[in-house]
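Heads up, the thing below is written out as structure tokens.
Numbering (our numbering), first residue to last: 797 to 1164.
Here it is as structure tokens:
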């Protein structure tokens, strides 16, 4: 029998918020792809992004039809499927930009590392929901979650895609702190991370080391590895308070700004709409994150609560890293801005996450 509470608890406000950010993202993307070109011609990438957005909303609605608790039962299948896709990338993946990250399935090109974010969140939520305790988790209870994190991390870094690999670890770390660990475990893991920094440095590829050194001093190679950050800062600074106006950003129009439709799309926003435009987008993201945390707090099911927090943490990490990256506060690692940067896999992954949040919100009255 259909439960009327599902309709009563459907969160229209959350849907409107997602739709608003998506529309803002399309406006910014249109400018990033059109400025300096014929405004009457719609760029092919913009058309593709609209298709991905439409598909994402359909997937988001479809995800509401299945009780989110079924994900707890299917967590190993979902995890194994995404790991299998990552392995397939190593064998059949499409090479581009010096890395092998994409898998071509018919007429669709997907990036399995994006889908792995959701799979890992579901798996960790399933594991932690059965062992969470008041005193915190000990080392033994962290072994399985650690294995779940290490496998996709190695596969993704091997592509190579260090940014997404580190993002997975940040999301997993956020979820682990959320469920609470013993103090001695936290101290030991913190010490281990600091001790591993020199070892990690020597295992990095030359271009990855160059990105870190450029982050510390962009002027060391202004025409090479430091070019992205320097041009991004120029675009952001030239926008000042109100910006230069829609389609009037010179850094973008004259093609000085690299990756303007993906990693550095915030620079386009800052140049054309200034501090006011950037602040408006950040406020929308802040509301989105607060909404997600509220869903996690009000959920009466432990699995659902951890799952909602994990998805919210995923959105926060992407926003934080991307904006810090374009401002020169973090190394350039290629993390897209949710619902704004161009990218089909990113859009689908985020929409699936939002669909799960809506699902948890609709069924928040469900007990453990």
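Positions of the beta carbon are idealized from the N, C-alpha and C atoms, including for glycine.
Ranked by how close their Cα comes to the Cα of residue 911, the residues 898, 940 and 1154 have 898 in first place. Between residue 1110 and residue 913, the beta carbon gap of about 6 Å places them in contact (Cβ cut-off 8 Å).
For residue 1159, the closest of 959, 882, 939 and 1097 by C-alpha to C-alpha distance is 1097. The residues 895, 897, 909 and 1130, in chain order, have a CB closer than 8 Å to that of residue 957 in the same chain once the five nearest residues on each side in sequence are set aside.
In terms of CA proximity to residue 1124, 1029 leads the group 1157, 900, 1029 and 1112. Counting every other CB atom within 10 Å of its CB across the protein chains shown gives residue 1068 a total of 16 or more, marking it as buried.
Counting every other CB atom within 10 Å of its CB across the protein chains shown gives residue 809 a total below 16, marking it as exposed. Following the DSSP letters along the chain, one finds residue 909 inside the alpha helix (DSSP H) bounded by residues 908-927. Per DSSP, the unbroken beta strand (DSSP E) holding residue 895 starts and ends at 895-901. Looking at the DSSP output, residue 981 shares a beta bridge with no other residue. Below 8 Å, enough C-beta pairs join the segment 913-922 and the segment 868-881 to call them touching: three or more. In the DSSP assignment, residue 1038 falls outside any alpha helix (DSSP H), carrying neither H nor E. Taking residue 1117 as reference, the option from 1128, 839 and 916 with the minimal CA-CA separation is 1128.
Ranked by how close their Cα comes to the Cα of residue 1104, the residues 853, 816, 819 and 864 have 864 in first place. Excluding residues up to 5 positions away in sequence, 1151, 1154, 1155 and 1158 lie with their Cβ nearer than 7 Å to the Cβ of residue 860 in the same chain.
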